[in-house]
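Engineer: Structure provided below as structure tokens; questions to follow.
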Amino acid sequence: MSNFLPFSRPTIDEATIAAVGEVLRSGWITTGPKVQTFEARLSEYFGGRPVRTFNSGTCTMEIALRIAGIAPGDEVITTPISWVATANVILEVGATPVFADVDPVTRNIDLDKVEAAITSKTRAIIPVYLAGKPVDMDRLYALAAKYKLRVIEDAAQAIGSTWKGKPIGSFGDFVSFSFQANKNITTSEGGCLVLNNEDEAKLAEKYRLQGVTRSGWDGIEVDVLGGKYNMTDVAAAIGLGQFAQLEAVTAQRRKLAKHYFEVLGKDFEAQTGAQLPPQDFESTNWHLFQIVLPERITRAEFMEKMKAHNIGVGYHYAPIHLFKLYRALGFKEGMFPVAERVGRQIVSLPMFYAMNEADVERACKAMREVLAESANSH
Ligand SMILES: *Cc1c(COP(=O)(O)O)cnc(C)c1O
């Protein structure tokens, strides 16, 4: 019996583990020089734009909304197919989440539906790049300009992704990344925000630490309500080691994705009724390799049977608007039919840096068997 193949697993190299040990022995383990270096490294990668780090990708988006001045009475448009954090941050600042349905092929927010959802109260859009695949960035920013909207890009999954050759984060408005354990590069938990200018960056620093401004060695003032969202040097040491692997990680994931398509073959969709992701080896960092299952098999049954083959499968994501918290706000079944179908049948196959082509072949073989079985039993 072969080993269990998880759907995701972080790879921390020995140099990074040693660097973390050094921080732990240094006597300074909270925010300090490692955070500064990590922010400088990231800023360089994002074309010199200001970057600040935080202890999660979630608070990163919440702080961007606060800097943009989004408040009660404002509407923010986002996708129902994301981690619930994306919509929760809108509620967190007291604004009103408005969902726009997704595109059945990319599974990202449909920009035509976004435009149709804009009202006089709309102030911002939060697009999500599911599996690392960007939306049409030209169209996104044309819409934002036309209706004078702020954009908070939930690029949690998109580090290493590009648009027309430029890294996601190197252009645009606010761009938020997550370094949670399963993301392409991790700090165990953490995130960063790319901002437009130093004034916004200063404000981000305040929101990150109790609204405090320091002047001189003993001067301290508080003029906005901030929280406790700073990244530690322990986390930043992990981040620096991970960031050094970014290019290799993205290349390996693209190679694995390509191999999935090769092994499954061009008739896979016609043979099984499952829907593969768009073949994109340019812009996508392949954070996830997701397929939408045919209706004849439930997601739970598929996951269970894959597990019996020793293959881990992830679920990203249940439609946000159908959670109790959101139903209580008036959202219900039937409002976003594409998201509801995709959200019911989508699964994430194994995809991580340390995986090899034989692992892809194992996952494909198991998937073919499970899908063939479900065809025979119906
Ligand atoms: C991971 C993720 C988040 C949240 O990031 P955390 O660092 O876990 O707070 C938000 N949105 C998307 C799309 C994500 O994948």
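For the sequence shown, position 193 (counting from the first letter as 1) is numbered 185 according to this note's numbering, and the numbering increases by one without interruption. The beta carbon of each residue, even a glycine, is placed where N, CA and C say it ideally should be.
1) Is Q282 near ligand 1, with its Cβ less than 6 Å from a heavy atom?
2) Taking its Cβ as the centre, do 16 or more other Cβ atoms sit within 10 Å of Q271, making it buried, or is it exposed?
3) Can you tell me which residues form a DSSP beta bridge with D128?
4) How far does the alpha helix (DSSP H) with D191 in it reach, from first residue to last?
5) Classify N176: buried if its beta carbon has 16 or more other beta carbons within 10 angstroms, exposed otherwise.
6) Candidates T205, G257 and M53: which alpha carbon is nearest R360's?
7) In whole angstroms, what is the alpha-carbon distance linking I160 and A310?
8) Please indicate yes or no: does the CB of D146 lie closer than 6 Å to some heavy atom of ligand 1?
9) Among residues of its own chain, excluding the 5 on either side of M343, which ones have a beta-carbon nearer than 8 Å to its beta-carbon?
10) Considering only heavy atoms of ligand 1, does any lie closer than 6 Å to the CB of A310?
11) When you measure from the CB of G335 to every non-hydrogen atom of ligand 1, does any distance come out below 6 Å?
12) I'd like the span of the alpha helix (DSSP H) that includes I289, first residue to last.
13) Within the chosen definition, does the region 120 to 129 reach the region 67 to 75 through at least 3 CB pairs nearer than 8 Å?
14) On the three-state DSSP scale, how would you describe D146?
15) Name the two residues that bound the continuous alpha helix (DSSP H) containing T242.
16) What are the start and end residues of the alpha helix (DSSP H) that includes E67?
17) According to DSSP, simplified to helix, strand and coil, what is V167?
18) Could you round the C-beta distance between E197 and F166 to whole angstroms and report it? I think they count as a contact, below 8 Å.
19) Just reading off the alpha helix (DSSP H) that A266 is part of, what are its end residues?
20) Can we count S74 as close to ligand 1, meaning its CB is less than 6 Å from some heavy atom?
21) Is it buried or exposed for R354, if we count other Cβ within 10 angstroms and need 16 for buried?
22) Evaluate R288 with the Cβ neighbour count: other Cβ atoms within 10 Å of its Cβ, from every protein chain shown; 16 or more gives buried, anything less gives exposed.
23) CB L379 to CB R44, shorter than 7 Å?
24) I'd like to confirm something about G49: is its beta-carbon nearer than 6 Å to some heavy atom of ligand 1, or not?
25) For a test of your reading of the model: does the CB of T446 fall under 6 Å from any non-hydrogen atom of ligand 1? Yes or no.
26) State yes or no: is the C-beta of V216 within less than 7 Å of the C-beta of V284?
27) Measure how close the beta-carbons of V90 and E67 come, nearest whole angstrom, since I'm counting them as under 8 Å.
28) What residue from K113, T88 and P126 has the CA that sits closest to N100's CA?
29) In angstroms with no decimal places, state the Cα-to-Cα distance between L132 and S162.
30) Run through the region 26 to 98 for me and flag every whole alpha helix (DSSP H) of 4 or more residues, listed as ranges in chain order.
31) Which of the three DSSP states is assigned to K324 in this structure?
32) Using 8 Å as the threshold, is the region 36 to 56 in touch with the region 208 to 225, meaning 3 or more CB pairs across them?
33) Considering only residues of the same chain and omitting the five flanking positions on each side of A173, which have a CB-CB separation below 8 Å?
34) Pairs of beta-carbons, one from the region 231 to 238 and one from the region 4 to 15, closer than 8 Å: are there three or more?
35) Whose C-beta lies closer than 8 Å to the C-beta of L102 among residues of the same chain, with five residues either side of it excluded?
36) Count the other CB atoms, across all protein chains shown, that sit within 10 Å of the CB of G233; report buried if there are 16 or more and exposed otherwise.
Structural biologist: Let me lay it out:
1) As a first step, residue 282 must be located in the sequence shown, where it is residue number 290. For ligand 1, not one heavy atom lies less than 6 Å from the Cβ of Q282.
2) Counting from 1 along the sequence shown, the entry for residue 271 is found at position 279. The residue in question, Q271, is exposed, as its Cβ has fewer than 16 Cβ neighbours within 10 Å.
3) Counted from its first residue, the sequence shown places residue 128 at position 136. DSSP lists no partner for D128.
4) Translated into positions along the sequence shown, residue 191 becomes position 199. First-last of the alpha helix (DSSP H) with D191: E190 to R200.
5) Here the question's residue 176 lines up with position 184 in the sequence shown. Buried.
6) Walking along the sequence shown from the start, residue 360 turns up at place 368. Checked all of T205, G257 and M53; the closest Cα to R360 is G257.
7) On the sequence shown, residue 160 is found 168 positions in, with the first residue counted as 1. On the sequence shown, residue 310 is found 318 positions in, with the first residue counted as 1. Going from the Cα of I160 to the Cα of A310 covers about 25 Å.
8) Within the sequence shown, the letter at position 154 stands for residue 146. Yes, the beta carbon of D146 sits closer than 6 Å to at least one heavy atom of ligand 1.
9) Here the question's residue 343 lines up with position 351 in the sequence shown. Hits under 8 Å: F(-1), S0, R245, L248, A249, W278, H279, L280 and F281.
10) Within the sequence shown, numbered from 1, the residue matching residue 310 stands at position 318. A310 Cβ: outside cutoff for every heavy atom of ligand 1.
11) Numbered from 1 along the sequence shown, position 343 holds the residue referred to as residue 335. It does not: the Cβ of G335 is nowhere closer than 6 Å to a heavy atom of ligand 1.
12) The residue given as residue 289 occupies position 297 in the sequence shown. I289 -> no alpha helix (DSSP H), and no H or E assigned at all.
13) yes
14) Against the sequence shown, residue 146 aligns to sequence position 154. In the structure shown, D146 sits in a strand (DSSP, three-state: E or B).
15) Counting from 1 along the sequence shown, the entry for residue 242 is found at position 250. Where T242 is concerned, the enclosing alpha helix (DSSP H) stretches over L238 to L256.
16) The residue labelled residue 67 in the question sits at position 75 within the sequence shown. It is not in any alpha helix (DSSP H) - E67 instead sits in the beta strand (DSSP E) that spans E67 to T70.
17) The sequence position of residue 167 within the sequence shown is 175, counting from 1. V167 falls in the strand class under three-state DSSP.
18) Locating residue 197 in the sequence shown gives position 205, where the first residue counts as 1. Locating residue 166 in the sequence shown gives position 174, where the first residue counts as 1. So it is not a contact: roughly 15 Å between Cβ atoms.
19) As a first step, residue 266 must be located in the sequence shown, where it is residue number 274. Here A266 belongs to no alpha helix (DSSP H), and DSSP marks it neither H nor E.
20) As a position in the sequence shown, residue 74 is number 82, starting the count at 1. Answer for S74: yes, Cβ within range of ligand 1.
21) In the sequence shown, counting from the first residue as 1, residue 354 sits at position 362. When all chains shown are included, R354 counts as buried.
22) Here residue 288 is taken as the residue at index 296 of the sequence shown, counted from 1. The residue is exposed, with fewer than 16 neighbouring Cβ atoms inside 10 Å.
23) What the structure shows of the chain is the stretch from -7 to 370, and residue 379 is not part of that stretch, so it cannot be assessed.
24) The sequence position of residue 49 within the sequence shown is 57, counting from 1. Answer for G49: yes, Cβ within range of ligand 1.
25) Given that the chain is displayed from residue -7 to residue 370, the structure contains no residue 446 and the question cannot be resolved.
26) Position 224 of the sequence shown, counted from the first residue, corresponds to residue 216. Position 292 of the sequence shown, counted from the first residue, corresponds to residue 284. Going by C-beta atoms, V216 is not nearer than 7 Å to V284.
27) Locating residue 90 in the sequence shown gives position 98, counting from the first residue. Locating residue 67 in the sequence shown gives position 75, counting from the first residue. With a Cβ gap of about 5 Å, V90 and E67 count as contacting.
28) Looking up residue 100 in the sequence shown gives position 108. Minimum Cα distance to N100 is reached at P126.
29) Working through the sequence shown from its first residue, we reach residue 132 at position 140. Working through the sequence shown from its first residue, we reach residue 162 at position 170. Distance between the alpha carbons of L132 and S162 is about 15 Å.
30) 49 to 59 and 77 to 84
31) One-based indexing of the sequence shown puts residue 324 at position 332. In the structure shown, K324 sits in coil (DSSP, three-state: anything other than H, G, I, E or B).
32) yes
33) If you number the sequence shown from 1, residue 173 lands on position 181. These residues qualify, in order along the chain: P2, S180 and E181.
34) yes
35) Within the sequence shown, numbered from 1, the residue matching residue 102 stands at position 110. Per the sequence shown, residue 102 should be read as Asp rather than Leu. Cβ neighbours of D102 beyond the five flanking positions: A92, D93, V94, D95 and V330.
36) As a working mapping, residue 233 is identified with position 241 in the sequence shown. Buried: at least 16 other Cβ atoms inside 10 Å.
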